[in-house]
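The structure under discussion appears below in the form of structure tokens.
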Amino acid sequence: MNTLPFVVAQLLALATGSFAVGWAFRGLPARWLGVVTYGYVAGLVLGAASLYLCGVAGLGIRFWSAAAVQIVLAVALGLLNRYATRRDRDAGPKDVRLPAHGVALLAIVLLLALLIVRAISVGIDAVTLPLYPWDAWQQWGTKARVWFETHELRPFVSPAEWLAESARGVAVYTDANPAYPPLLPLLQVWTLGYSTAWNDAVTGVTWLGLFCAFGAGVAWQVYRVLPYWPYALGTAYLALSLPFLDAHVALAGYGDFPLSVLYCFAFMSAIAFQRFDRAGDAAMALAFVAMLPFFKRPGIAWALTLLPFAAVVLPSARRPLVLRLLVIAATGVVSVLMVFRVSHAAMPTVVESLWSVVLNLFAWENWHLLWYIALLTLATRWRRASWRSLEASAATLMLGGLFLAWAFWGTELYSSIANVTTLNRALLPFACIVCYFIALSMAPAIERLAQGARADETRREEAPVQSHVDVAP
Amino acid sequence: MIDSRTAHASTPPTRHAVGRALFIALLPLILFGAALAAFLLFNRADDARSTISLGVDQKAPVASLGQGKLTPAGYEVTVSTDGGVAVAVWPSVPEDLGARPIIRCECIALRPDADLRLIWRRDDRPNILFSARIEHELATTRPLDLSTNPNWTGRITGIGVAMRGYAGDLLQVRGITAHRAGTAARIASLVDDWQSKRPWDGQSINLIIVGSPDRALSPVVVVAILAAIGLLLLSRTRPSTRAATGIALCLGAVAWIALDLRWQLDLVSKVSKTLHEYGTGSIEERWRAAPDGDIYMLATAVKHKASGSGERAFVFGDEPYTRGRAAYHLLPLAVYYDAVAGTLPDGKALRPGDFVLMLWTRQVRFDTQASRLVWENGNVHVAPLASVHGMTAFQVEP
């Protein structure tokens, strides 16, 4: 098998994306890591968007024409980014790196080893298995295959429309969800590069790439908050070791994981903007939020959960009040919708769905101990940060939780909670941001710990010398 | 000025206290891990004595209904065209099989909704065939606990596996193991459930289960409880805030990594299974090796026949899985199929030159005499193109 077409596609995504986002991160610690992680994800989306533009413009779904469009788009976005973030040049925080010695160094080695083993484990499955899980070949891979093999953006319609259109000689297609957004299938087409034969196992390369980019992106954002590599890598490990996330990479082809990566990147950038007040972070947050609806329809709702960060335009004294009102209003609306839906359901189903949520969050292997730790963090954090000082990130988490509650008990998904077809998949984007939020919440304690350990080490280093001087006379 | 004795003496007790607190916090997890390791170590020998395994060889099992053959993957029984059942039986079994009511059947029904049953006979009622339903997903079966089944008693004289399905359905049998009931056996069974390897299946994208889904106790809950006990014990040692933070972090990391190593081992076994099943050959070889390899072959035969001038294909089948897979493999032909409801089109919608893939279905029949496909609202003249395991491809003729 000639792997060059796939490698070229991945490298082109990395290069063009890095150019497009590069200026957003100037002056930041370990900037290269931010550039390649955000750049890779942005480059993939640019590639898929370029294929779409070529298809719509009648140039055909072809790699090289899309690559040309992608390069033009990347240059334009890069220059726009450079202009928009020109004031960030010297605004980066000082790199006050905490040194890692001894146990911390051992932790770095151990974490890296665990992460590499995990990437290899899920990676082999991702690129060996032909499209395996249900929706991958029912609604995503179908479109990718037709567009790749026909080189045209052929329309997908319902079975009834297919019969009518096809009788008139129009080339149309049908699948399980013909109206789903085109970005994800085009991402799969992009992954195949300039190859000419459909190979659905190779499309998993992008999921593996996103897995690596996601881990590195989380580590980098944590490192910006607390420049201590053991902690940054520990957070990446926390996120990448979630079994449910791993399964979505190994069984590549669903849209939930790419959506989660983009959502988490947007969330982290929004928090970074709030914390460091840099235009580059705002640009990244806006760019990644804007991409969400093009992956899956729930992307619209997830994008709306980041609305609290818009409160930054308000005077700081009014922000907590506005955020509180937003959360109260959302809670009211969701409660009404849930009560309406649940009141029309039999009680055993309500109990069943609640029990299913408990089992999936706390008993099955989906999330390891994530939700236990989240509850513990919430309990300890609640004592320090009160409702009156509500932050945008906490408000986003609340809105995310409300969105999930509405999806589970306020929509037609309600009946599918007990049979677990959508529960964990709906939770995936939320779980990713919860990982980062836990890391942020614990960062001050970790910083004290690391500094204390450093001070102990210094004392131990100094103590014998001093005593030697004292004792000698 | 610092007194050298004080300077040296002040550090070790602090580190010792932290070390002691860390040990106390980790103690529940350590004790549990040690108990588990000891059980695994010492129970294996006993387990070997008390478990009865019925394997697959030249003598048994035999197909009492359907067509059977011994293959490297196990004993394969196919539902024949004149009946809807395939049965593989071990006509001779150890005398004390009846004392082991925990039964695991290592068998795979190729069709996900096939009705799979364990069947057995007793010497006191030799004319009656007893049965118990075996729950199964794509590639795994759940163990059966027959300890409360009134029919699993006395001397068992024969045992087997039966599958009800369509003609051509395949059942792959690799063996049956029977365990004793009782506390030790139940603990052993629980531990087995925890460490049993589980390949990817249709549910893996929605729910992660490591080991058997039927375990009485979840390892995640057990580890969470042990970690919580560790935190409680830690609070009793009254460490400094900084030490408590560090120790709690260590405890969380150990608990997390313990669960994650188990997941990692499961992932390794999944990778190994994937490589064994699909290999690393060309994508066509992997499609052929997949569970729907037959459907791929059939779709390929149709695509070879297609001239590339806008032919259409229709997929008729009762099962959403086979219907969807056939439609996927037929692409980029313009394929009609109803992914959700499986409704069939009006016969007038088909025209000469169209292809029809008839999968396992009760809605459509092929009239061999008249060479016509007949369904509720359709009746078309066709020519058969290819046939695999009861699935057939046709081309519509004028």
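For the record, the sequence lines run as chains A and B. First residue of the first sequence? That's 1 in the working numbering, and the numbers climb one at a time after it. First residue of the second sequence? That's 1 in the working numbering, and the numbers climb one at a time after it. Yeah, the Cβ is synthetic: ideal placement off N, Cα and C, and Gly gets one too. The structure displayed is predicted, hence computed values, not measured ones.
Helix, strand or coil for residue i? Go by DSSP, reduced to three states.
i        : result
Leu231/B : helix
Asp367/B : strand
Pro219/B : helix
Ser121/A : helix
Tyr194/A : coil
Phe156/A : strand
Pro320/A : helix
Ala426/A : helix
Val189/A : helix
Met297/B : helix
His179/B : strand
Arg174/B : strand
Lys305/B : helix
Ala345/A : coil
Gly74/B  : strand
Ala60/B  : coil
Leu14/A  : helix
Gln67/B  : strand
Ser53/B  : strand
Pro28/B  : helix
Glu348/B : In the sequence on display, residue 348/B carries Lys and not Glu. Lys348/B falls in the helix class under three-state DSSP.
Does the Cβ of residue i have 16 or more other Cβ atoms within 10 Å, making it buried, or fewer, making it exposed?
i        : result
Thr411/A : exposed
Ser309/B : exposed
Thr85/A  : buried
Gln70/A  : buried
Gln139/A : buried
Phe288/A : buried
Val117/A : exposed
His179/B : buried
Pro320/A : buried
His399/B : Given a span of 1 to 398 for chain B in the structure shown, any question on residue 399/B remains unanswerable.
Asn2/A   : exposed
Asp123/B : exposed
Val103/A : exposed
Val218/A : buried
So who's on the other strand from residue i, going by DSSP bridges?
i        : result
Val312/A : Answer is none; Val312/A lacks a bridge partner.
Val356/B : Phe314/B, Phe394/B
Val8/A   : Paired residues: none, contrary to the question.
Asn379/B : Val374/B
Arg164/B : Val85/B, Asp115/B
Trp90/B  : Ile159/B
Ser387/B : Thr392/B
Tyr414/A : Looking at the DSSP assignment, Tyr414/A forms no beta bridge with any residue, so it has no partner.
Tyr336/B : Phe314/B
Ile208/B : DSSP output for Ile208/B lists no bridge partner at all.
Ile102/B : Asp145/B, His179/B
Quick one: which chain E residues come within Cβ less than 9 Å of residue i?
i        : result
Tyr173/A : Any reference to chain E falls outside this structure, whose protein chains are A and B.
Interface residues of the region 270-291 of chain B facing chain A [CB-CB below 8 Å] = Residues of the region 270-291 of chain B with a C-beta less than 8 Å from any C-beta of chain A: Lys270, Val271, Thr274, Leu275, Tyr278, Thr280, Ser282, Ile283, Arg286, Trp287, Ala290, listed in chain order.
query = Residues in the region 108-131 of chain A with C-beta within 8 Å of chain B's C-beta atoms, listed in sequence order?
reply = Leu114, Val117, Arg118, Ser121, Val122, Ile124, Asp125, Thr128, Leu129, Pro130, Leu131
message = Please give the ranges of any beta strand (DSSP E) in the region 30-71 of chain A, keeping only runs that are unbroken, at least 3 residues long and fully inside the region.
response = Every candidate beta strand (DSSP E) stretch fails here, since none sits fully inside the region 30-71 of chain A while reaching 3 residues.
Under 7 Å (Cβ pairs) to chain B, residues found in the region 29-46 of chain A = none
message = Under 9 Å, CB to CB, which of the residues in the region 187-212 of chain B have a partner in chain A?
response = Trp200, Gly202, Gln203, Ser204, Ile205, Asn206, Leu207, Ile208, Ile209, Val210, Gly211
request  = Give, in chain order, every residue of the region 17-28 of chain A whose Cβ lies closer than 8 Å to some Cβ of chain B.
outcome  = For the region 17-28 of chain A, the beta-carbon criterion of a distance under 8 Å to any beta-carbon of chain B is satisfied by none of its residues.
Ranges of the beta strand (DSSP E) found wholly within the region 104-161 of chain B, counting only runs of at least 3 = The region 104-161 of chain B contains, as complete beta strand (DSSP E) runs of 3+ residues, the segments 115-122, 130-133 (chain order).
inquiry  = Can you pull out the residues from the region 407-422 of chain A whose beta carbon lies closer than 7 Å to at least one beta carbon of chain B?
reply    = Hits within the stretch, in order: Val420, Thr421.
request  = Would you list, in chain order, the members of the region 340-359 of chain B that have their beta-carbon closer than 7 Å to a beta-carbon of chain A?
outcome  = For the region 340-359 of chain B, the beta-carbon criterion of a distance under 7 Å to any beta-carbon of chain A is satisfied by Val340, Pro345, Ala349.
message = Please give the ranges of any beta strand (DSSP E) in the region 161-241 of chain A, keeping only runs that are unbroken, at least 3 residues long and fully inside the region.
response = List check, beta strand (DSSP E) in window: nothing returned.
task = Identify each residue in the region 250-263 of chain B for which the Cβ-Cβ distance to at least one residue of chain A is less than 7 Å, and report them in chain order.
result = Those residues of the region 250-263 of chain B that come within reach of chain A (Cβ to Cβ, closer than 7 Å) are Gly252, Ala255, Trp256, Leu259, Asp260, Trp263.
request  = Using a Cβ-Cβ cut-off of less than 8 Å, give me the residues of the region 370-382 of chain A that come near chain B, in sequence order.
outcome  = Tyr372, Ile373
request  = Identify each residue in the region 243-273 of chain A for which the Cβ-Cβ distance to at least one residue of chain B is less than 8 Å, and report them in chain order.
outcome  = Pro243, Phe244, Asp246, Ala247, His248, Ala250, Leu251, Tyr254
query = If you measure beta-carbon to beta-carbon, which residues of the region 192-209 of chain A are closer than 9 Å to chain B?
reply = So the close ones are Ala197, Trp198, Asn199, Asp200, Ala201, Val202.
Residues of the region 236-250 of chain B whose Cβ lies closer than 7 Å to any Cβ of chain A, in chain order = Arg242, Thr245, Gly246
message = Which residues of the region 63-75 of chain B have a Cβ closer than 7 Å to any Cβ of chain A? Give them in chain order.
response = none
query = When you check each C-beta in the region 305-316 of chain B against every C-beta of chain A, which residues fall closer than 7 Å?
reply = Gly310, Arg312
Short-range partners of chain B found in the region 357-368 of chain A, where Cβ spacing is below 9 Å = Leu359, Asn360, Phe362, Ala363, Trp364, Glu365, Asn366, Trp367, His368
query = Taking the runs of the alpha helix (DSSP H) that are 4 residues or longer, which of them lie wholly in the region 228-308 of chain A?
reply = 229-240, 243-250, 256-276, 279-291, 298-304
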